[in-house]
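Right, one structure below, let's go through it.
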Amino acid sequence: MNSRARNEAIPIYLALALILLFFALPLFWLLSLSIRTPAEILIAEVRIVPHSPTLQNFVEVLGNQQFLGYLWNGVTLSVVGAACACVAAAPASYAFSRLKFPGKTQLLFAVLGFQMISPLVIMLPLYRYMHALGLTESHLGAALVYAAVAAPIATWTLKGSFDAIPEELEEAAMIDGCTRSQAFLRITLPIGLPGLASTFILTTMLGWSQFIVPFILLSQPDMLPISVGIFNFLGAYTGSATQLVAAASVLSLLPAVVIFLFFQKFVVGALTAGALKE
Amino acid sequence: MTSAVKQGPRHQRSGGGRRGWRFDLDRHPVWWLFPLALLLTAFYLYPVLEVVRTSFTDATLLNSAYSYTLASYRSVLADSALPQIWLATVIFVAGSVIGQTTLGLLIALTLEAGFRRRLPGVRTVQVVVLATWIIPGVASAIIWQLLLSEANFGFFNAMLGLFSLSPVPWLSDAKVAIWSATLANIWRGTALSMILLYAGLKTISPGLYEAAAVDGATALQAFRYITLPRLRPALLINAVIVSVFSLNTFELVMPLTGGGPGRSTEVLALAAYNAVFHDFNLAQGSVLAVLMLLLNLAFTAVYWLTSRGLR
Amino acid sequence: MKLKPGSRLFAILLSGLLQSPDVAHAGDLVAPDRIGRLDAPKSFSFRVLTVHSNNNAQPKFAARMAALYEKYAHTHPDWRVNIQLMSLQIPQEHARLLEQARSGTAPDCSAVDSFEVPLFIRAGVLQPIDQYFTKEEIDDLFPFIRPIVSDAEGHIYAWWWTTDLRLLYRNMALVPDPPRTWQETKQAAMAAKRAAGPGLEGFLFNGGRNETTTVDFLPQFWAQGGKLVDERGTPVFGQEPNKTYLLNAIAFYRDLIQSGASPARVASISNYDDLTAASISGSAAMMVNGDWAMSQMRAAMKPETFAKWAVSMLPGPTADQRSTASGGWTFASFSKDPVKVKACMDLVREVYMGPATEVLERLPTRQSEFNSLPMFRTDFYLQIKQYLKLGQARPGLPIYTEISNRLQIAISEALAGTRTPEAAVDEAVDQVAKAAARYQ
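Chains as they are written, first to last, in our numbering: chain A, 2 to 279; chain B, 2 to 312; chain C, 3 to 442.
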């Protein structure tokens with residue numbers, strides 16, 4: 002048994018090694034940049050490990066009074082935005098998945114169509130609109146736009162996961178007297194938790210790198226998320242500070258990875274296997 | 002017997018339609034769609050309509066005056082560079098979709114297999130792939146500028162030199178540059194496909210594989226007859242989402258090539274950027290945004306029909 | 003006490019977290035988002051480039067700027083300045099600024115990139131600031147500055163406080179004498195390559211699609227007397243003799259590549275750091291770069307290697323036809339309240355007009371400052387001062403950015419060989435003409 006398990010593990014580790022080679026190698030360069038002194042930041046030779054590595058860049062980034070604020074703002078905006086998007090998208094995805102009504106496919110495409118307009122060109126009309134609503138310079142306004150931007154993708158991915166849940170379970174519950182909404186809340190959602198968690202992770206990560214919306218809606222430095230704040234670590238070409246951007250980028254991974262790992266647990270939920278055993 | 006009795010009154014009530022007020026929630030999609038519709042209408046609809054409306058004007062950033070005209074459409078569609086822009090965009094998007102989907106699927110399968118056997122180190126690989134997607138765009142641009150640099154200390158060319166291969170003009174050759182940009186985009190975006198396809202894999206009941214194993218199916222056969230068909234919806238969604246993002250993105254292309262050499266890597270998103278910010282031509286930028294929308298819808302329709310056809 | 007490596011790492015990171023940066027030593031008066039006391043009766047909002055503020059990512063510059071801000075706070079105790087930060091994504095930042103100006107929500111006082119100023123003047127959102135500066139101060143500015151920041155009647159709308167210029171850098175061990183003409187440059191590059199062997203790139207410059215390329219290229223056009231636009235702002239670079247000058251300059255670039263003096267990869271170089279890196283690695287004999295590269299190189303090279311590098315004026319078609327391009331940053335005021343405009347301009351005068359340039363090690367814009375400010379009295383800077391007198395700025399018109407975009411495309415196509423120079427220039431002329439029709 003043991004050698005069989007080992008034989009099965011070998012191709013997996015081979016694949017993992019190839020994956021790491023392609024994805025991790027460029028990241029090693031990022032790490033390399035983050036431990037360089039200004040004297041070595043302009044890469045002039047092929048050395049991943051610099052002559053005099055230093056942790057000073059991390060110290061400076063953490064010592065920047067606004068850096069932690071950028072991270073915190075990034076977390077709040079992306080998590081709140083993702084949560085609102087999922088809350089709005091869940092019933093809609095359910096309807097797209099279970100109910101039949103005229104124009105369903107067209108509506109689905111229309112929802113996705115929102116996502117298809119270039120955020121760059123939306124930037125200026127969005128500002129004018131939010132300014133008229135009085136929602137600029139506020140996290141509330143920004144979070145709502147985050148939610149609106151994430152909602153189309155949330156709808157499509159949630160619909161996909163609801164599609165994969167057999168309808169028999171809800172129908173059985175409805176025969177027993179449940180309304181559809183009760184079936185949705187008590188049966189579909191719990192079973193669909195892995196899909197919901199995946200969607201939530203996806204939209205949170207997308208919100209993490211959302212740049213245009215916070216850039217156009219927020220000017221106060223203490224409100225900016227890391228996606229915008231990172232630019233404050235760039236020097237000018239008249240004095241590059243690439244090493245600081247690199248260090249800030251490495252540090253900014255932490256909150257996002259923590260969120261991912263926390264919610265990934267729900268993706269691998271054991272509920273799926275149990276319910277579908279019928 | 003009991004169920005028939007229970008079904009009777011309920012059947013009567015919901016069959017009436019007008020009468021069963023409380024059950025409207027169940028049958029009418031309106032209430033299910035309401036929160037989403039509210040969110041999108043309140044915070045997304047106006048800007049989107051504005052963009053479409055602006056494409057039918059001659060608005061610029063220079064002053065507030067404008068008038069309605071089709072001139073912006075005519076000038077974009079008549080631009081002799083448009084075919085080149087289309088080509089660059091299609092290569093970039095199609096390449097990204099194929100690359101990200103293939104790699105994403107490979108990673109998702111490997112992760113799934115690794116997690117199932119509780120092999121150590123699998124989670125780390127997953128996090129590393131995720132990291133490529135969540136580092137700020139500016140960081141990924143810096144990295145890929147380093148890798149693709151054609152100086153003799155540029156990383157890829159130096160590696161090629163180690164194997165006595167001649168250096169490649171990654172970014173200065175008009176025919177190669179778009180592929181370099183696509184490669185960088187694939188690296189950057191695969192994590193998205195990994196997440197989507199992994200979630201898709203998790204919806205496939207393990208019982209099916211066990212049954213197949215009992216029947217003597219090989220891993221490849223299991224993949225082809227069990228996994229792939231059930232992954233089709235997830236693959237469809239993945240293709241659509243990757244297309245949308247690849248079409249909209251210029252955050253890698255701009256620092257790497259700026260659209261050059263010449264216009265060989267000027268994808269639609271970059272053309273829109275140049276129109277708005279260098280030419281201050283809001284209307285033209287909006288036209289290009291509408292073109293991107295149409296291209297997006299076209300890609301989506303192709304995926305949809307392909308998915309249907311394969312069924 | 004020997005700590006395990008992990009604990010040591012943790013301790014360093016923790017100390018970074020708890021470390022109070024020098025900024026805080028400035029007391030209550032200066033914070034990352036504020037100059038002056040929190041409870042000061044009057045206030046104005048001030049948007050500044052991060053690198054030009056006490057938020058500069060490098061602590062030494064941040065501390066110096068904080069000290070300057072503190073002095074201002076002492077002299078103006080009634081005011082609180084609310085700091086907003088601007089990044090170097092110049093097109094997006096200025097589009098946002100313009101949109102906010104039109105909505106009436108622009109900051110009272112903001113940094114504006116020098117070549118974007120004309121756009122804002124034309125949009126009518128800036129306040130004239132003549133009365134806040136003396137005639138001597140205004141006349142002292144380098145000649146290329148006044149036309150950009152003034153309107154037709156000569157009123158000034160932005161104070162251009164720092165500038166830069168492009169220079170020819172050369173490794174004297176490979177190129178002993180400064181080349182003055184195109185021909186000399188090519189020959190020097192070829193000679194350097196023969197002497198140093200394979201792997202040496204003779205002459206590097208920005209040739210990719212980026213504003214840096216236009217800025218490096220235009221001096222070659224200007225040196226011949228070329229004009230991009232006429233006095234009324236109509237693009238004339240497509241008409242003779244300007245068109246010939248353009249083609250001459252492009253021919254110079256192409257000749258460099260075809261002869262091997264420059265590598266083909268210049269078509270993919272679009273930022274100055276790449277050029278600086280090449281000089282640091284020793285793989286380049288000459289390059290076009292900005293004045294700032296000198297200190298980057300000094301920091302990265304061994305002293306004896308650095309001593310071999312010298313700067314000179316950019317070459318031209320003949321030894322007497324020379325030019326360079328200068329950019330830089332300004333401050334302008336959007337506020338309709340004259341009291342705030344004055345407070346803003348006081349800040350500009352007391353902090354940025356002079357002291358900040360020394361502290362940030364950037365070039366000042368008034369000729370007398372090269373004599374009065376200690377840092378700029380060295381040979382290097384006095385050389386720069388002479389060159390700045392020959393400097394030109396990019397045209398003070400909104401259409402410039404489109405011209406630049408089209409020129410970048412043309413140069414890129416010509417260098418990559420995807421189009422003949424004539425065809426590339428014709429296309430650029432056509433497109434700009436279409437754009438110009440909309441700018442009337």
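Beta carbons are placed, not taken as given, at the ideal position from N, Cα and C, and that holds for glycine.
Neighbour-count burial assignment, residue 343 (chain C), 16 or more Cβ in a 10 Å radius: By 1-based counting over the third sequence, the position of residue 343 (chain C) is 341. The residue in question, residue 343 (chain C), is buried, as its Cβ has 16 or more Cβ neighbours within 10 Å.
Reduced DSSP secondary structure (H/G/I, E/B, other) of residue 24 (chain C): The residue given as residue 24 (chain C) occupies position 22 in the third sequence. Since pLDDT at residue 24 (chain C) reaches only 41, below the 50 mark, its modelled position is unreliable, and the value read off the structure follows with that caveat. Note: residue 24 (chain C) maps to helix in three-state DSSP.
Exposure of residue 81 (chain A), with buried meaning 16 or more beta-carbon neighbours within 10 Å: As a position in the first sequence, residue 81 (chain A) is number 80, starting the count at 1. Flag for residue 81 (chain A) reads buried.
Proximity test, Cβ basis, 8 angstroms: residue 441 (chain C) and chain B: Counting from 1 along the third sequence, the entry for residue 441 (chain C) is found at position 439. Closer than 8 angstroms to some Cβ of chain B, the Cβ of residue 441 (chain C) qualifies, so yes.
Local Cβ density within 10 Å of residue 402 (chain C), reported as buried at 16 or more and exposed below that: Start at 1 with the first residue of the third sequence, and residue 402 (chain C) comes out as number 400. Buried is the call here.
Helix, strand or coil at residue 195 (chain B) according to DSSP, with G and I counted as helix: The residue labelled residue 195 (chain B) in the question sits at position 194 within the second sequence. In the structure shown, residue 195 (chain B) sits in a helix (DSSP, three-state: H, G or I).
Cβ-based burial, residue 132 (chain A) [other Cβ within 10 Å; buried from 16]: Counting from one through the first sequence, the residue named residue 132 (chain A) turns up at place 131. The residue is buried, with at least 16 neighbouring Cβ atoms inside 10 Å.
Proximity below 8 angstroms, CB of residue 58 (chain A) to CB of residue 35 (chain A): Residue 58 (chain A) sits at position 57 when you count from the first residue of the first sequence. Residue 35 (chain A) sits at position 34 when you count from the first residue of the first sequence. Yes, Cβ-Cβ distance for residue 58 (chain A) and residue 35 (chain A) is below 8 angstroms.
Exposed unless 16 or more other CB atoms sit within 10 angstroms - verdict on residue 25 (chain C): Stepping through the third sequence from its first residue, residue 25 (chain C) is reached at position 23. Because residue 25 (chain C) sits at a pLDDT of 43, beneath the cut-off of 50, its placement in the model cannot be relied upon, and the following sentence gives the value as read from the coordinates. By the neighbour-count rule (16 or more Cβ atoms within 10 Å), residue 25 (chain C) is buried.
Under 8 angstroms by beta carbon: chain C residues contacting residue 280 (chain B): Indexing the second sequence from 1 puts residue 280 (chain B) at position 279. Within chain C, the residues near residue 280 (chain B) are 403, 404, 407 and 437.
Every unbroken alpha helix (DSSP H) within the stretch 180 to 216 of chain A, with a cutoff of 4 residues, ordered by chain: Restricting attention to alpha helix (DSSP H) runs no shorter than 4 residues, the stretch 180 to 216 of chain A encloses them at 181 to 184 and 194 to 209, ordered along the chain.
Among A:231, A:197, A:153 and A:51, the one whose alpha carbon lies nearest that of residue 52 (chain C): Counting from 1 along the third sequence, the entry for residue 52 (chain C) is found at position 50. Here the closest residue by C-alpha is A:231.
Best match in C:411, C:420, C:417 and C:186 for proximity to residue 432 (chain C) [C-alpha to C-alpha]: For this step, residue 432 (chain C) is matched to residue 430 along the third sequence. Of the candidates C:411, C:420, C:417 and C:186, the one whose C-alpha sits nearest the C-alpha of residue 432 (chain C) is C:411.
Closer than 8 angstroms to chain A by CB, residue 275 (chain B): Locating residue 275 (chain B) in the second sequence gives position 274, counting from the first residue. So, not an interface residue.
Sequence-distant residues of the same chain with beta carbon closer than 6 angstroms to residue 426 (chain C), five excluded per side: Working through the third sequence from its first residue, we reach residue 426 (chain C) at position 424. Cβ within range, chain order: 412, 415 and 416.
Interface partners of residue 97 (chain C) on chain B, CB under 9 angstroms: Taking the first residue of the third sequence as position 1, residue 97 (chain C) is located at position 95. Near residue 97 (chain C) (Cβ distances below 9 angstroms), the residues of chain B are 62, 277, 278 and 281.
Any chain B beta carbon closer than 8 angstroms to residue 95 (chain A): Numbered from 1 along the first sequence, position 94 holds the residue referred to as residue 95 (chain A). Yes, because at least one Cβ of chain B sits closer than 8 angstroms to the Cβ of residue 95 (chain A).
Residue-level contact to chain A via CB, residue 36 (chain B), 8 angstroms cutoff: Locating residue 36 (chain B) in the second sequence gives position 35, where the first residue counts as 1. At least one chain A Cβ lies under 8 angstroms of residue 36 (chain B).
When A:116, A:174 and A:182 are compared against residue 50 (chain B), the one with the closest alpha-carbon: Here residue 50 (chain B) refers to the residue found at position 49 of the second sequence. Checking every option, the nearest Cα to that of residue 50 (chain B) belongs to A:116.
Runs of alpha helix (DSSP H) lying entirely within the stretch 64 to 114 of chain C, each at least 4 residues, in chain order: 92 to 105
Range of the contiguous beta strand (DSSP E) that encloses residue 291 (chain C): Counted from its first residue, the third sequence places residue 291 (chain C) at position 289. 286 to 292 is the extent of the beta strand (DSSP E) around residue 291 (chain C).
Selection of the stretch 61 to 95 of chain A by Cβ proximity to chain C, strictly under 9 angstroms: Listed in sequence order: 61, 62, 63, 64, 65, 66, 67 and 69.
Residue 151 (chain A) beta carbon less than 8 angstroms from that of residue 104 (chain A): Within the first sequence, the letter at position 103 stands for residue 104 (chain A). Within the first sequence, the letter at position 150 stands for residue 151 (chain A). No. Outside cutoff.
Residue 176 (chain A) classed as buried or exposed, judged by whether at least 16 other C-beta atoms fall within 10 angstroms: Against the first sequence, residue 176 (chain A) aligns to sequence position 175. Result: exposed.
The stretch 286 to 293 of chain C / the stretch 170 to 177 of chain C touching (three or more Cβ pairs under 8 angstroms): The stretch 286 to 293 of chain C is in contact with the stretch 170 to 177 of chain C.
Contact belief for residue 86 (chain B) with residue 269 (chain B) at Cβ below 8 angstroms, rounded distance in angstroms: The count along the second sequence starts at 1 and reaches residue 86 (chain B) at position 85. The count along the second sequence starts at 1 and reaches residue 269 (chain B) at position 268. That belief holds up - the Cβ atoms of residue 86 (chain B) and residue 269 (chain B) are roughly 6 angstroms apart, short of 8 angstroms.
Counted within 10 angstroms of its Cβ, other Cβ atoms place residue 205 (chain C) as buried (16 or more) or exposed: In the third sequence, residue 205 (chain C) corresponds to position 203, counting from 1. Buried, because 16 or more other Cβ atoms sit within 10 Å of the Cβ of residue 205 (chain C).
Status (buried if at least 16 other CB within 10 Å, exposed otherwise) for residue 54 (chain C): For the purposes of this step, residue 54 (chain C) is taken as residue 52 along the third sequence, with counting starting at 1. Per the 10 Å Cβ criterion, buried.
8 angstroms contact criterion, which residue 194 (chain B) and residue 101 (chain B) should meet: CB distance rounded: Position 193 of the second sequence, counting from 1, holds the residue named residue 194 (chain B). Position 100 of the second sequence, counting from 1, holds the residue named residue 101 (chain B). Going by Cβ atoms, the distance from residue 194 (chain B) to residue 101 (chain B) rounds to 5 angstroms, so yes, they are a contact pair.
Counterpart residues of residue 32 (chain C) in DSSP-defined beta bridges: Taking the third sequence and counting its residues from 1, the one referred to as residue 32 (chain C) is at position 30. DSSP, once it has assigned bridges, lists C:37 as partnering residue 32 (chain C).
Own chain residues within Cβ distance below 6 angstroms of residue 96 (chain B), not counting five before or after: Residue 96 (chain B) sits at position 95 when you count from the first residue of the second sequence. Taken in chain order, the residues that qualify are 183.
Whether residue 356 (chain C) touches residue 162 (chain C) by CB criterion (8 angstroms): By 1-based counting over the third sequence, the position of residue 356 (chain C) is 354. By 1-based counting over the third sequence, the position of residue 162 (chain C) is 160. No, Cβ-Cβ distance for residue 356 (chain C) and residue 162 (chain C) is not below 8 angstroms.
Residue burial classification, residue 457 (chain C) (beta-carbon count within 10 angstroms, cutoff 16): For chain C, the structure presents residues 3 to 442; residue 457 (chain C) sits outside this window and is missing.
C-beta neighbour in chain B for residue 28 (chain C), strict 8 angstroms: In the third sequence, the residue the question calls residue 28 (chain C) occupies position 26. The pLDDT assigned to residue 28 (chain C) is 44, lower than 50, so where the model puts this residue is not dependable; a value taken from the coordinates is nonetheless given after this. No, residue 28 (chain C) lies away from the interface with chain B (no Cβ there is under 8 angstroms from its Cβ).
CB contact flag (residue 1 (chain B), residue 108 (chain A), <8 angstroms): Coverage of chain B is limited to positions 2 through 312, which leaves residue 1 (chain B) absent and any answer about it impossible.
Neighbour flag for residue 298 (chain C) against chain A, beta carbons, 8 angstroms: Locating residue 298 (chain C) in the third sequence gives position 296, counting from the first residue. Yes - at least one Cβ of chain A is within 8 angstroms of the one on residue 298 (chain C).
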